[in-house]
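Enquirer:
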Amino acid sequence: MNLLPPIPDQPDLPRDPTVWDQWIRQRRPEFNALRGRLDHSSASNSLIESETNERGESVSTLTVFLVNRECPWHCLMCDLWQHTTLRPGPPGSIPRQISTSLRSHLGHEARHLKLYNAGSFFDAGAISVSDYPTIAEMCQPFTRVVVESHPRLIGPRTEQFRDLLPATTQLEVAMGLETVHPDILPRLNKGMTLEDFHLAAQRLQQMGARIRAFVLVKPPLITDDSMALDWACRSLDFAWEVGVDVVSLIPTRMGNGSMEELSRRGLFSPPSWSTVETAFEYGLSARKGLVLMDLWNLDPIRGSTEVRLQYARLDARNRAQK
Ligand code: SF4
Numbered sequence: 000m001n002l003l004p005p006i007p008d009q010p011d012l013p014r015d016p017t018v019w020d021q022w023i024r025q026r027r028p029e030f031n032a033l034r035g036r037l038d039h040s041s042a043s044n045s046l047i048e049s050e051t052n053e054r055g056e057s058v059s060t061l062t063v064f065l066v067n068r069e070c071p072w073h074c075l076m077c078d079l080w081q082h083t084t085l086r087p088g089p090p091g092s093i094p095r096q097i098s099t100s101l102r103s104h105l106g107h108e109a110r111h112l113k114l115y116n117a118g119s120f121f122d123a124g125a126i127s128v129s130d131y132p133t134i135a136e137m138c139q140p141f142t143r144v145v146v147e148s149h150p151r152l153i154g155p156r157t158e159q160f161r162d163l164l165p166a167t168t169q170l171e172v173a174m175g176l177e178t179v180h181p182d183i184l185p186r187l188n189k190g191m192t193l194e195d196f197h198l199a200a201q202r203l204q205q206m207g208a209r210i211r212a213f214v215l216v217k218p219p220l221i222t223d224d225s226m227a228l229d230w231a232c233r234s235l236d237f238a239w240e241v242g243v244d245v246v247s248l249i250p251t252r253m254g255n256g257s258m259e260e261l262s263r264r265g266l267f268s269p270p271s272w273s274t275v276e277t278a279f280e281y282g283l284s285a286r287k288g289l290v291l292m293d294l295w296n297l298d299p300i301r302g303s304t305e306v307r308l309q310y311a312r313l314d315a316r317n318r319a320q321k
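With numbering that gives the first Met the number 0 applied, the sequence shown covers 0 to 321.
1) With a threshold of 16 other CB atoms inside 10 Å of the CB of Lys321, please say whether the residue is buried or exposed.
2) Return yes when at least one heavy atom of the ligand SF4 lies under 8 angstroms from the C-beta of Met76, else no.
3) Quick one: which unbroken beta strand (DSSP E) runs of 3-plus residues sit fully inside the segment 42 to 74? Chain order, please.
4) What did DSSP end up calling Arg233 once you bin it into helix, strand or coil?
5) Check whether the Cβ of Gly124 lies closer than 8 angstroms to any heavy atom of the ligand SF4, and answer yes or no.
6) What's the call for Trp295, buried or exposed, on a 16-neighbour Cβ count within 10 Å?
7) Just checking, does the segment 249 to 258 make contact with the segment 16 to 32 on the three C-beta pairs under 8 angstroms criterion?
8) Ignoring anything shorter than 4 residues, give me the alpha helix (DSSP H) runs that lie fully in the segment 120 to 190, in order along the chain.
9) Does any C-beta atom of chain B lie closer than 9 angstroms to the C-beta of Pro218?
10) Do you know offhand how far Asp38's Cα is from Thr167's?
11) Out of Leu75, Thr84, Met76 and Arg211, which one is the CA nearest neighbour of Leu289?
12) Can you tell which of Pro185, Ala117, Ser103 and Met292 has the C-alpha that lies nearest to the C-alpha of Leu220?
13) From Arg263, Leu198 and Leu215, pick the residue whose C-alpha is nearest to that of Leu176; which is it?
14) Is it the case that the CB of Leu79 approaches a heavy atom of the ligand SF4 more closely than 8 angstroms?
15) Give me the residue from Leu266, Phe213 and Asp224 with the minimum Cα distance to Trp239.
16) Over the uninterrupted alpha helix (DSSP H) stretch that includes Ala315, give me the two end residues.
17) Figure out for me which residue from Val146, Ala173 and Arg151 has the closest Cα to the Cα of Phe160.
18) Mark Leu235 as exposed unless 16 or more other C-beta atoms lie within 10 angstroms of its C-beta, in which case mark it buried.
19) Mind checking Leu308: buried by the 16 CB within 10 Å criterion, or exposed?
20) Considering only residues of the same chain and omitting the five flanking positions on each side of Glu158, which have a CB-CB separation below 8 angstroms?
21) Quick one: Cα of Arg318 to Cα of Asn116, how far?
22) According to the neighbour-count rule (16 or more other Cβ atoms, all chains shown, within 10 Å of its Cβ), is Ile300 buried or exposed?
23) Under 9 angstroms, do His111 and Val144 count as touching if we go by C-beta distance?
24) Let me check understanding here. Comparing Cα to Cα, which of Glu194, Leu105, Thr84 and Leu61 lies closest to Ala125?
25) Check whether the segment 226 to 235 touches the segment 264 to 283, counting contact only when three or more Cβ pairs, one atom from each stretch, lie closer than 8 angstroms.
26) For Pro165, I'd like the list of residues in its chain whose CB is within less than 6 angstroms of its CB, leaving aside the five on either flank, ordered along the chain.
27) Report the option in Lys287, Asp298 and Arg86 whose CA atom is closest to the CA atom of Arg54.
28) Leaving out five residues before and five after Ile97 in sequence, what residues of the same chain have Cβ atoms less than 8 angstroms from its Cβ?
29) Closer than 8 angstroms: is that where the CB of His197 sits relative to any heavy atom of the ligand SF4?
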């Protein structure tokens with residue numbers, strides 16, 4: 000029997016999906032300074048980090064944060080739109096961004112490449128299909144390329160891109176599973192069911208692609224940390240059941256307007272570090288696949304001593320996988 004408390008009543012939050020979508024968009028802070036500066040001529044950032052692979056090796060990984068139009072979905076917790084433009088970029092702009100980033104890391108020894116576009120790589124309105132051959136060619140020095148996609152966009156374009164990749168470059172697709180909570184997932188406004196995710200995972204497996212899933216630790220509308228931990232563990236279990244290779248745990252954060260409003264109403268608070276670490280512990284000890292903790296919320300340089308220690312501890316566990 001599940002003795003965990005139910006999600007809170009939300010009598011004055013819209014139930015109609017169209018009105019809910021508007022509610023989320025209306026709470027966005029004004030066009031922020033970063034977004035105002037973005038254009039399609041260069042990636043917003045690129046960096047080299049090391050990430051543990053399935054054999055426990057530390058692999059140098061270049062991540063390029065591409066600038067393109069905003070994702071067509073507007074998820075309740077998503078703040079990635081701040082790194083996008085209002086209009087699509089012209090064909091050729093994404094290969095140019097990648098090429099400039101590669102040049103700026105000349106002499107790097109990265110073996111994996113992440114092309115993250117704050118949306119879906121297979122959204123043809125964001126990344127032109129006519130650019131796939133050039134992008135695929137640029138992946139040649141890398142043994143793996145990781146792209147992000149909404150599960151409902153896994154299909155013929157994914158296959159088309161996979162077919163263009165050199166035989167020595169494996170495709171990995173990262174998809175937001177977010178949570179398996181049956182009441183919360185529809186409220187995230189992601190336009191996705193667990194069946195959609197399962198189907199996308201099956202298709203990717205048939206294509207020989209690896210799968211990465213993003214799982215939220217304490218999604219909005221779960222206000223109790225023990226309930227949040229329970230659903231994070233259930234979400235990890237589901238990910239493994241459907242064949243996910245890597246789970247990235249994301250402590251849900253503030254910053255997109257909606258989350259601040261939910262927080263004011265007592266319907267969201269970030270997870271405690273004990274919840275985050277216990278969910279991580281559950282994932283690591285199951286040993287069913289790689290589990291990585293997202294450390295974006297922790298600033299190892301400007302943070303307090305406590306934050307720096309937390310960062311160092313979690314980073315060490317990401318590397319050691321134990
Ligand atoms: S699908 Fe992904 S990028 Fe798009 S709004 Fe949702 S979380 Fe953000």
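Think of the CB as a built atom: it goes at the ideal place given N, C-alpha and C, for glycine as much as any other residue.
Predicted, not measured: the structure shown is a model, and the values here were computed from it.
Expert: Taking the geometry as given:
1) exposed
2) yes
3) 44 to 51 and 57 to 64
4) helix
5) no
6) exposed
7) yes
8) 131 to 137, 155 to 163 and 183 to 186
9) In summary, chain B is missing from the structure at hand, where a single protein chain is found.
10) 32 angstroms
11) Arg211
12) Pro185
13) Leu215
14) yes
15) Phe213
16) Thr304 to Ala319
17) Val146
18) buried
19) exposed
20) Met206
21) 25 angstroms
22) exposed
23) yes
24) Thr84
25) yes
26) Gln139
27) Lys287
28) Ala42, Val63, Leu65, Leu114, Ile134 and Met137
29) no
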